[in-house]
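Q:
2 protein chains.
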Amino acid sequence: MATALPDLSIRQLEYLVAVSTEPSWADAAARVGVSPSALSQGLSELERRVGVPLFDRDGRRRTLRASAAPVLAHARQVVALTGDLADWAERTRTGRTGELRVGMIDAAAVGHYPEVLRRFRDSHRDLHLTLRVAPSGELLHEVEAGDLDLAVVVAGRARRGVISEPLHTESLAVFTPTRGLPRSTARWGPWVLFAEGSHTREIAEAALGRLGAPTTIVAESNQPEVLRTMVELGVGSTVLPQVQAGPSFGPGRVIAERTLVIARREGAAVDPAAEILMQALRAATPQ
Amino acid sequence: MATALPDLSIRQLEYLVAVSTEPSWADAAARVGVSPSALSQGLSELERRVGVPLFDRDGRRRTLRASAAPVLAHARQVVALTGDLADWAERTRTGRTGELRVGMIDAAAVGHYPEVLRRFRDSHRDLHLTLRVAPSGELLHEVEAGDLDLAVVVAGRARRGVISEPLHTESLAVFTPTRGLPRSTARWGPWVLFAEGSHTREIAEAALGRLGAPTTIVAESNQPEVLRTMVELGVGSTVLPQVQAGPSFGPGRVIAERTLVIARREGAAVDPAAEILMQALRAATPQ
DNA sequence: TGATTCAGTGAAGGATCTCTGAACTATTCT
DNA sequence: AGAATAGTTCAGAGATCCTTCACTGAATCA
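Those sequence lines, one after another, are chains A and B. Each residue of the first sequence is one higher than the last, beginning at 39 in this note's numbering. Each residue of the second sequence is one higher than the last, beginning at 39 in this note's numbering.
Take a look at the structure:
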């Protein structure tokens, strides 16, 4: 039962299979890419470890004994299984199989990287990719909990257990219902901003504070669509990244920057598929 | 397809299985009888060879990732298969399974070693043992052709491709229908002997020639039973080993010796079961 | 808060494996 | 008989694997 298992190497089993298939040992050695000497020694070692005679000597030739059939069958099976495993590993390494859970804030998913996502999805058909779009805070929480392999969020306070890598910096600008902004920042506002807890809102509020503008909030939402509509209706001004302002507004007045980062759970091994997607994200980022 | 297979050692796969079963790596190391360090290094090496991350780091602890499941399944399967192989090897090594083809001349099978055969058969129930009883010449031919693993025959001319080992020497004696043998060897005979081609007949004829006895043959058979009956009927005298003369005759006059040998095919690996039977034969031989 | 213990890692060193290349031997071919 | 073929053995280089020992991070205890 709990017999110590003989430490047969896959290599030796391959030798055995090769010898059983090829006409001569020299051919077999060539097939497994090794010198005839190594093959000979390896098979002697295999025989020693199994502890049962496997070959008959016919002059200088060694031939497989009939009684070695079970060993040969074992070798074939293990070699085949290892081949399957190698295939699986190769697919996993190239991100062509497995599972990948990605989180992105809406600006990343819809504004900056929709093409990257589409291409990645296309070229990894068998990869089970799930994309979750939510505000940074929520996504970071899920990364921390191990529910996401990867997330693109707005940089904020460092969060323990999560490491992040800067990806893209963009400016935040003020957009107003009227044609221009008042000269005096004291007459800016009131505001229609992202909801409490949003990193971008924190950045905007801090910037407005520095500029001496009042920070009266008259409406909030996490949907930029909603914010834009409010502005169009004249409810107030908003602070948005360019990509989310849409074409109906002018260029806007830049008041701050925000940085998108790739966040991953600390200590988690980097899944090959995640690595590939990260490469693609970096490559698709201007500058 | 023809991807080079990673040379995963059975050892490393055992480590993986142990780690998946035991609560801590230290326990796992103890179970496979190795230092924690060796286990740690072995698993790192396994991970490197598979080329896919298998563990997550949780502080100083490493835990199996869910995505490593296929590797673990592979490891379990290969370890189980290797266990089966080890069992088979153990059974084969102790002669408890497999096949063994043995040849014996009748004197050996019926006279000298019936008990050895019975005991061997009893203690190796699952061994497929076939026993062929025939004259030495035929048996040697079959040994040479690889149809027998082992034969007990009368020593004769060396035959190429067959090696033999002396087992037992016994005397050949003359048995006559009358109470005694004539003084003069010239009046011995006529003879009832083993058939042409028998080693024992050759030995007997040579001995009779040396003694100056006539070698007129009046009957021949390979069955000692037949020879004995002929002698009882007064057809002639015979030359037999003691064991085949039977109790109805006196001690007989010793005129020669013959040697029983164990013959095996040259170059053929010694089957463990054959080795065990040979031991038993040697042990059962007096002197 | 700091000491202690536990689980695992990393480096050094030695034993063992396993490969290559070269010399060698038995067999087969011509 | 001599050459060619097939396989083995040997010595040595390099890889691998294991042990010991020192160490770190985390958890626990006081």
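For each residue, glycine too, the CB sits at the ideal point set by N, CA and C.
Rounded to whole angstroms, what's the CA-CA distance from Met39/A to Ala42/B? Just pull it up for me.
A: Position 1 of the first sequence, counted from the start, is the residue given in the question as residue 39/A. Position 4 of the second sequence, counted from the start, is the residue given in the question as residue 42/B. With a pLDDT of 43 at Met39/A, under the threshold of 50, the modelled position of this residue cannot be trusted; read the value that follows with caution. Between Met39/A and Ala42/B, the C-alpha separation is close to 33 Å.
Q: Taking Cβ positions, are Leu298/B and Ala146/B nearer each other than 9 Å?
A: Taking the second sequence and counting its residues from 1, the one referred to as residue 298/B is at position 260. Taking the second sequence and counting its residues from 1, the one referred to as residue 146/B is at position 108. Yes, these two residues count as a Cβ contact at 9 Å.
Q: Could you name the residues of chain A that His112/B contacts, counting a contact when the two beta carbons are closer than 7 Å?
A: Mapped onto the second sequence, residue 112/B falls at position 74. What His112/B touches in chain A: Leu119, Leu123.
Q: Leaving out the 5 sequence neighbours to the left and right, which residues in its chain are closer than 6 Å to Leu177/B when beta-carbon positions are compared?
A: Reading the second sequence from its first residue, position 139 is the one you call residue 177/B. Taken in chain order, the residues that qualify are Gly141, Ala189, Val191.
Q: Using only the alpha-carbon positions, how far apart do Val230/B and Thr323/B sit?
A: To locate residue 230/B, count along the second sequence from 1; it is residue 192. To locate residue 323/B, count along the second sequence from 1; it is residue 285. Near 29 Å, if we compare the C-alpha coordinates of Thr323/B and Val230/B.
Q: Do you know how far the Cα of Gly89/B is from the Cα of Ala193/A?
A: The sequence position of residue 193/A within the first sequence is 155, counting from 1. The sequence position of residue 89/B within the second sequence is 51, counting from 1. Taking the straight line joining both Cα atoms gives about 32 Å.
Q: CB-CB under 7 Å to Arg159/B, same chain, minus the five flanking residues each way: which ones, in chain order?
A: Residue 159/B sits at position 121 when you count from the first residue of the second sequence. Closer than 7 Å at the Cβ level, and outside the excluded window around Arg159/B, lie Leu167.
Q: In whole angstroms, give me the CA-to-CA distance for Glu258/A and Ser236/A.
A: As a first step, residue 258/A is located in the first sequence; it is residue number 220 there, counting from the start. As a first step, residue 236/A is located in the first sequence; it is residue number 198 there, counting from the start. When rounded, the distance between both Cα atoms is 11 Å.
Q: Report the start-end ranges of each beta strand (DSSP E) in the stretch 204 to 233 of chain B that is 3 residues or longer and not cut off at the edges.
A: Within the stretch 204 to 233 of chain B, the complete beta strand (DSSP E) runs of at least 3 residues are 229 to 231.
Q: Thinking C-beta only, is Arg302/A closer than 9 Å to Val148/A?
A: As a first step, residue 148/A must be located in the first sequence, where it is residue number 110. As a first step, residue 302/A must be located in the first sequence, where it is residue number 264. For Val148/A and Arg302/A, no; Cβs fall outside 9 Å.
Q: Taking 7 Å as the limit between beta carbons, can you name the residues of its chain near Asn260/A, skipping five residues before and five after?
A: Numbered from its first residue, the first sequence carries residue 260/A at position 222. Cβ neighbours of Asn260/A beyond the five flanking positions: Pro173, Phe232, Ala233, Ser236.
Q: Considering only the alpha carbon of each residue, which of Leu138/A, Ser73/A, Val292/A, Arg99/A lies closest to Glu313/A?
A: Taking the first residue of the first sequence as position 1, residue 313/A is located at position 275. Answer by Cα proximity: Leu138/A.
Q: Using beta carbons (cut-off 9 Å, strictly below), is Ala67/B in contact with chain A?
A: On the second sequence, residue 67/B is found 29 positions in, with the first residue counted as 1. So no, Ala67/B is outside the interface.
Q: So Ile48/A contacts chain B; which residues on that side make the cut at Cβ distance below 7 Å?
A: Position 10 of the first sequence, counting from 1, holds the residue named residue 48/A. Going along chain B in sequence order, the residues near Ile48/A (Cβ under 7 Å) are Leu43, Asp45, Leu46.
Q: Cutting at 6 Å between CB atoms, please list the residues of its own chain near Leu81/A, excluding the five before and the five after it.
A: The residue labelled residue 81/A in the question sits at position 43 within the first sequence. Counting only Cβ-Cβ distances below 6 Å, and skipping sequence neighbours, we find Tyr53.
Q: Contact check, Ala127/B vs Leu51/B under 8 Å by CB: the rounded distance?
A: Numbered from its first residue, the second sequence carries residue 127/B at position 89. Numbered from its first residue, the second sequence carries residue 51/B at position 13. Actually they do not touch by this definition, with Cβ atoms about 18 Å apart.
Q: Taking C-beta pairs closer than 9 Å, name the residues in chain A that Arg95/B reaches, listed in chain order.
A: Start at 1 with the first residue of the second sequence, and residue 95/B comes out as number 57. By Cβ distance, chain A contributes Glu304, Gly305, Ala306, Ala307.
Q: Mark Asp187/A as exposed unless 16 or more other C-beta atoms lie within 10 angstroms of its C-beta, in which case mark it buried.
A: Within the first sequence, numbered from 1, the residue matching residue 187/A stands at position 149. That one is buried.
Q: Is Leu46/B near the ligand SAH, going by C-beta to nearest heavy atom under 8 Å?
A: The ligand SAH is absent from the structure shown, which contains no ligand whatsoever.
Q: Threshold first: 3 residues or longer. Then list the beta strand (DSSP E) segments lying entirely within the stretch 58 to 135 of chain B, N to C.
A: Qualifying beta strand (DSSP E) stretches, in chain order: 93 to 96, 99 to 102.
Q: Should Arg225/A go down as buried or exposed, given a rule of 16 or more other Cβ atoms within 10 Å for buried?
A: The sequence position of residue 225/A within the first sequence is 187, counting from 1. It is exposed - the Cβ of Arg225/A has fewer than 16 other Cβ atoms within 10 Å.
Q: Within the continuous beta strand (DSSP E) that includes His166/B, where are the two ends?
A: In the second sequence, the residue the question calls residue 166/B occupies position 128. 166 to 171 is the span of the beta strand (DSSP E), which, as asked, contains His166/B.
Q: Less than 8 Å between the CB atoms is what I'm expecting for Gly272/B and Pro215/B, so what's the real figure, rounded?
A: For the purposes of this step, residue 272/B is identified with residue 234 of the second sequence, where counting begins at 1. For the purposes of this step, residue 215/B is identified with residue 177 of the second sequence, where counting begins at 1. That pair is a contact at about 4 Å.
Q: Using DSSP's beta-bridge definition, name the partner residues of Leu278/A.
A: Walking along the first sequence from the start, residue 278/A turns up at place 240. DSSP, once it has assigned bridges, lists Ala211/A as partnering Leu278/A.
Q: Within 10 angstroms of its Cβ, does Glu263/A collect 16 or more other Cβ (buried), or is it exposed?
A: In the first sequence, residue 263/A corresponds to position 225, counting from 1. Glu263/A should be labelled exposed.
Q: Smallest Cα separation from Val70/A: which of Leu246/A, Gly133/A, Ser202/A, Ala56/A?
A: Mapped onto the first sequence, residue 70/A falls at position 32. For Val70/A, the nearest C-alpha among the options comes from Ala56/A.
Q: Can you tell me where the alpha helix (DSSP H) holding Leu155/A begins and where it ends?
A: Position 117 of the first sequence, counting from 1, holds the residue named residue 155/A. Per DSSP, Leu155/A belongs to the alpha helix (DSSP H) from 152 to 161.
Q: Thr297/B bridges to which residues according to DSSP?
A: To locate residue 297/B, count along the second sequence from 1; it is residue 259. Paired residue(s): Thr207/B.
Q: Please list the partners that Glu153/B has in chain A, where partner means a Cβ-to-Cβ separation under 8 Å.
A: For this step, residue 153/B is matched to residue 115 along the second sequence. In chain order: nothing, as chain A lies at least about 27 Å away.
Q: Helix, strand or coil: which one does DSSP assign to Ala42/B?
A: Stepping through the second sequence from its first residue, residue 42/B is reached at position 4. In the structure shown, Ala42/B sits in coil (DSSP, three-state: anything other than H, G, I, E or B).
Q: With which residues is Leu188/B paired in a DSSP beta bridge?
A: Position 150 of the second sequence, counting from 1, holds the residue named residue 188/B. Its beta-bridge partners are Val140/B.
Q: If you run the structure through DSSP and keep just helix, strand and coil, what is Glu258/B?
A: As a position in the second sequence, residue 258/B is number 220, starting the count at 1. The answer is strand: DSSP assigns Glu258/B an E or B state.
Q: Grouping DSSP H, G and I as helix and E and B as strand, with all else coil, what is Thr267/B?
A: Sequence index remark: in the second sequence, residue 267/B carries index 229 (1-based). In the structure shown, Thr267/B sits in a helix (DSSP, three-state: H, G or I).
Q: Locate the alpha helix (DSSP H) running through Ser236/A, then write down its first and last residues.
A: Residue mapping note: residue 236/A aligns to position 198 of the first sequence, counting from 1. Careful: Ser236/A lies outside any alpha helix (DSSP H) and carries neither H nor E.
Q: Which whole-angstrom value is the C-beta distance of Ala67/A and Ser73/A, which I expect to be below 8 Å?
A: To locate residue 67/A, count along the first sequence from 1; it is residue 29. To locate residue 73/A, count along the first sequence from 1; it is residue 35. Right, their Cβ atoms sit about 6 Å apart.
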